[in-house]
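Each residue of the sequence shown is one higher than the last, beginning at 15 in the numbering used here.
Accompanying notes for the structure given below.
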Amino acid sequence: MVKRRSLLHFNNRTRSERDLGELVTKVFEKAAKKEPQPLYTFSVPMLSVQEEIRAYCKKKNIKIGYDTLFMEITFSADRETVDELIKHFFTENKLYLRGRFYLSATVT
């Protein structure tokens with residue numbers, strides 16, 4: 015028979031339930047206050063992504079997508095992060111001039 019271990023060790027059961035309820039309420043209130051950032055996408059006509067770019071995107075939490083219709087690779091994140099990606103990798107060879115930069119989703 016498996017024994018359940020309590021994660022909260024309080025002497026007074028009603029107090030622990032009340033404290034837990036207050037904690038849950040605070041967490042939800044804090045989450046509701048944070049407004050999500052709009053998502054920007056930069057599309058580039060490339061067939062593959064270099065490992066260096068993949069590592070950078072993973073570090074900066076940039077999503078990589080593939081648009082098979084236009085044969086493009088898309089990079090999505092907040093505006094500043096996408097701007098940094100463009101400056102870091104795509105300005106040297108002027109590939110950004112052929113890319114498209116747009117707001118991919120509006121947040122309400």
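The beta carbon of each residue, even a glycine, is placed where N, CA and C say it ideally should be.
| message | By the DSSP assignment, the alpha helix (DSSP H) with V58 in it spans what residues? | response | No alpha helix (DSSP H) contains V58, which is instead part of the beta strand (DSSP E) from L53 to V58.
Where do the ends of the beta strand (DSSP E) carrying I78 lie?
-> It spans K77 to D81 - the beta strand (DSSP E) in which I78 sits, taken as one unbroken run.
In whole angstroms, what is the alpha-carbon distance linking T120 and V63? The predicted position of T120 is uncertain, since its pLDDT is 44 and thus under 50; no value can be drawn from it.
>> Measuring straight from C-alpha to C-alpha, what distance separates L83 and A91?
In response: Whole-angstrom Cα-Cα distance: 21 Å.
**Study point:** Three-state secondary structure assigned by DSSP to T105
**Key:** Here T105 sits in coil by DSSP.
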